[in-house]
Amino acid sequence: MIVPANAIPPLQCLRAFAAVAQHRNFTRAAQAIGLTQTAISHQIAQLETHIGAAVFVRSRPHVQLTAVGMALLPAVENGLNVIWDAFKDAQAAQASQRLVVSATPEFCTQWLAPRLEKFCKLFPAISVNMVLEYRRADLKSGDVDVAIWLGPGDESLSATRLVVEEEFAVCSPELARSLPKRNGLWAAPLLRYAGARHTVLDWDRWMLQLFGGVLNEVGEEGNRPEFDYGPVFDTFPDMIAACKRSEGFALVRTSLVADELSRGQLKRCFTETVTSDLHYYLVTLPKAQRRLEIEHFRQWLISEAALSSSDVSAVT
4 MIVPANAIPP LQCLRAFAAV AQHRNFTRAA QAIGLTQTAI SHQIAQLETH
54 IGAAVFVRSR PHVQLTAVGM ALLPAVENGL NVIWDAFKDA QAAQASQRLV
104 VSATPEFCTQ WLAPRLEKFC KLFPAISVNM VLEYRRADLK SGDVDVAIWL
154 GPGDESLSAT RLVVEEEFAV CSPELARSLP KRNGLWAAPL LRYAGARHTV
204 LDWDRWMLQL FGGVLNEVGE EGNRPEFDYG PVFDTFPDMI AACKRSEGFA
254 LVRTSLVADE LSRGQLKRCF TETVTSDLHY YLVTLPKAQR RLEIEHFRQW
304 LISEAALSSS DVSAVT
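Using the numbering used here, the first residue of the sequence shown is number 4, and each one after it goes up by one.
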């Protein structure tokens, strides 16, 4: 839509109108937007000539909006704010192609980091800075542009699920080949890592989801055994490295071992699987997709997640 040249008054007239409406005083309005009182008066007179009606009732010490002015003010303020936001976004996009991404340490090291080089080659002008943290970053502060969380966040955010996650046990191919047909879970230690509470990968919780309070094939009949034994590693990658060395079983979520499964370095060692109630989401502010670098990253991440999911399905 092309607005006719004489359809609306100059932008300066609208700024002056909004300033006087806010301050109810020509002198203070002039100071607020860096004009003289004479210039403000001229802009308001030009606006009223354009409309054909007065927008203010002049009286000392304050001016008052007329009925016409009151009806006009919300649309003018909203329009000025929309224009301002659009120009801020455009200037930010031109000034910097820097993208700050917050993700959990496990998701970054296991899935995102190995793929980032591909994104950087596709979009060499975009600089990606990773922030590894368990806390949920405050996207509204502007310090972080994109977050990858277990869960979508609140309704004020835009969230896209990356993949449907499953929780299952893995081990090395060598250990998988030596497992007995019954009570296989007792054939090797259950590996854990210190940050498991953040990813909610807990052996006891997983077995409870699978079997409830009674396990017939493992432990004492009619009792649910404890699963808090086994070595504890500092990080998820340390635990996975031990798992590859056949030191025990690791409880994982699909995306966190997608590459190891596709390369055959790890195997699903039991048929038991739980569809997770936690999935990784790409989260942004709703208006963030107007920034081209964020939209490029979003589309690339969704595409990579779909490709990774298909690769895992092909080998399991």
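Built from N, CA and C at the ideal position, the CB exists for glycine as well.
Tell me, please, whether the CB atom of Pro12 is closer than 8 Å to any CB atom in chain B? This model lacks chain B altogether, as it is built from one protein chain only.
Between the Cα of Arg200 and the Cα atoms of Ser175, Asp237, Ala70 and Phe126, which residue gives the shortest distance? Asp237
Host beta strand (DSSP E) of Glu177 (start-end): Per DSSP, Glu177 belongs to no beta strand (DSSP E); it is in the alpha helix (DSSP H), Pro176 to Arg180.
DSSP puts Trp325 in a beta bridge; with which residues? As shown, the chain starts at 4 and ends at 319. That puts residue 325 outside it, with no answer to give.
Quickly, what does DSSP pair Asn186 with across the bridge? List them, please. None; Asn186 has no bridge partner.
Measure the CB-CB distance between Asp148 and Leu102 and report whether it falls below 8 Å. yes
With the cut-off set at 8 Å, would you say Gln67 and Pro12 are in Cβ contact? no
Closest to Pro183 by C-alpha separation, out of Cys272, Gln34 and Asn9, would be which residue? Among Cys272, Gln34 and Asn9, the Cα nearest to that of Pro183 is on Cys272.
So, does the stretch 81-94 touch the stretch 23-37, judging by three or more C-beta pairs under 8 Å? no
Closest by CA to Arg301, which one among Leu193, Ala179, Thr274 and Val104? Val104
Assuming Ala162 is part of the beta strand (DSSP E), what are its boundary residues? Where Ala162 is concerned, the enclosing beta strand (DSSP E) stretches over Ser161 to Arg164.
Please work out which residues of its chain come closer than 8 Å, Cβ to Cβ, to Ala140, disregarding the five sequence neighbours upstream and downstream, and give them in chain order. Ser105, Val134, Asp146, Val147 and Ala150
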